[in-house]
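Counting the sequence shown from 1 gives a position; the working numbering is that position plus 123.
Quick reminder that beta carbons are idealized off the backbone N, C-alpha and C, glycines included.
Keep in mind that this is a model prediction, so the values were computed, not measured.
Heads up, the thing below is written out as structure tokens.
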Amino acid sequence: MSCPVCLQQIDWRDPPLYRLDAETGEHVELTIPLNAGPERKARLRRTARIRCPSPEPTEHHLPAAYGEFGPPVVLGFVGARGSGKTHLLAAMVRAIERGDLSRHHGLSCWPLDILLHQQYLRDQVDPLFAEARRLSPTPADQMMFADAFVVARNGGTPRPVALFDIAGDALTRVADAAAFIDATNGLVFVADPTRLDGSEHREPAFGAVLDLLRASGRLPEVSAAIVLTKADRLRFEEPLALWLRRDTHVLTADESLRESADVYAYLHQRGAHAWTRPYRECARATLHLATATGANPLPNARTEGGDFDLGVHPSRVLRPLVALLAMTGVLDSPEAARIGT
Ligand SMILES: Nc1nc2c(ncn2[C@@H]2O[C@H](COP(=O)(O)OP(=O)(O)OP(=O)(O)O)[C@@H](O)[C@H]2O)c(=O)[nH]1
Ligand SMILES: [Mg+2]
Ligand SMILES: [Zn+2]
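What follows is the structure, encoded as structure tokens:
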């Protein structure tokens, strides 16, 4: 069984059980009293957690029922330095936190590890959305576990879904990159339209990951969502502007195909062939338009009022994630089966 947080293979035979103590916010060992009735035993087991033996990234726990879940879905964010991965990820987690996955897509969803989730909200989501502060560049050479959820279709087997934020071209250098390449099921390829004006449209970060996946033979198993982010910069470009003006919540295969075609055509016209490479090489793929912040941050930091003078207004951020959930089989409706094919 692989842990969706640290990606290590772990053997859990009869592990000690823990419970989260609401008062101290710590995990304490849980002993199920021998004389407890079957109902009480079942109730204790339902909320019990097990501790992963790996201390990285920090101590983490998984539901005791983890073994009964389907295999974890591991999603990673790939793109050049400063392309907008960290802001897009924070905007997605905020949308999940607001309940958009259940409200609009019929998925029940809860954090895999409450403490890791709270840490992510505190360090990334709240600064950006409650204080309108831009987030710092992700430390170089780092592959960061961001957050993880347990996602279930009504009545279906719950699946753990883990989100990883990967700095620039770190995957070619980081030691645990191999574990990620072996585990990943889907990638969000983040493309930054402000780099379209460069004379040369190389995309080393996309290329590095695709080459590693090809070398390990996993390319046919991995789905891709290419996101042209910072789309607020493109609001005068037809037909992209049309997509930005509507943020409907249902995701249909037809609409996904039309959006993919428009974004593909836009990138193709501008000679950004390296950016569409995941679409040509991955098993299933979609293209999207999104903005995490809705506007550029102010050039100079202010002491009050944050870095965005009109606040932070994301648009279309959840679609790439929903498309990946469809392409990786977490969403399993007949409609979902047609997305990205
Ligand atoms: N206009 C606009 N700017 C954005 C958007 N998303 C991010 N930015 C800005 O782009 C810059 C880089 O964003 P990050 O999310 O840190 O980029 P990253 O890909 O995580 O970069 P690294 O961590 O260095 O690899 C920041 O200054 C953000 O404010 C967006 O949707 N619109
Ligand atoms: Mg980052
Ligand atoms: Zn672990």
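Residue environment: Q132 is assigned as exposed (fewer than 16 neighbouring CB atoms within 10 Å of its CB, all protein chains considered). Proximity of the beta carbon of S177 to ligand 3 is indicated: a heavy atom of the ligand is located closer than 6 Å.
Put simply, of L251, E220, D432 the residue whose alpha carbon is nearest the alpha carbon of G207 is L251.
The criterion of a C-beta distance shorter than 7 Å is satisfied by F268 and V128. Relative to the non-hydrogen atoms of ligand 1, the Cβ of H210 comes within a distance shorter than 6 Å of at least one.
Runs of the beta strand (DSSP E) lying entirely within the stretch 410 to 441 and spanning at least 3 residues: none are present.
Annotation for L342: L333, L336, E404, C405, A406 place their beta carbon closer than 8 Å to its own, counting only its chain and skipping 5 residues before and after. Across the set D385, V201, T307, T409, the C-alpha of D385 shows the shortest separation from the C-alpha of E361. A direct Cα-to-Cα measurement between D246 and A424 gives close to 18 Å. Counting every other CB atom within 10 Å of its CB across the protein chains shown gives K353 a total of 16 or more, marking it as buried. Judged by DSSP secondary structure, Y243 falls within the alpha helix (DSSP H) whose first and last residues are 237 to 243. A direct Cα-to-Cα measurement between H184 and A253 gives close to 28 Å. Within the stretch 246 to 298, the complete beta strand (DSSP E) segments of 3 residues or longer fall at 266 to 276, 282 to 289, listed in chain order. Ligand 2 has no heavy atom closer than 6 Å to the beta-carbon of T317. Within its own chain, the residues whose Cβ lies closer than 7 Å to the Cβ of A187, once the five positions on either side in sequence are excluded, are L140, R168, A171, R172, I173, listed in chain order.
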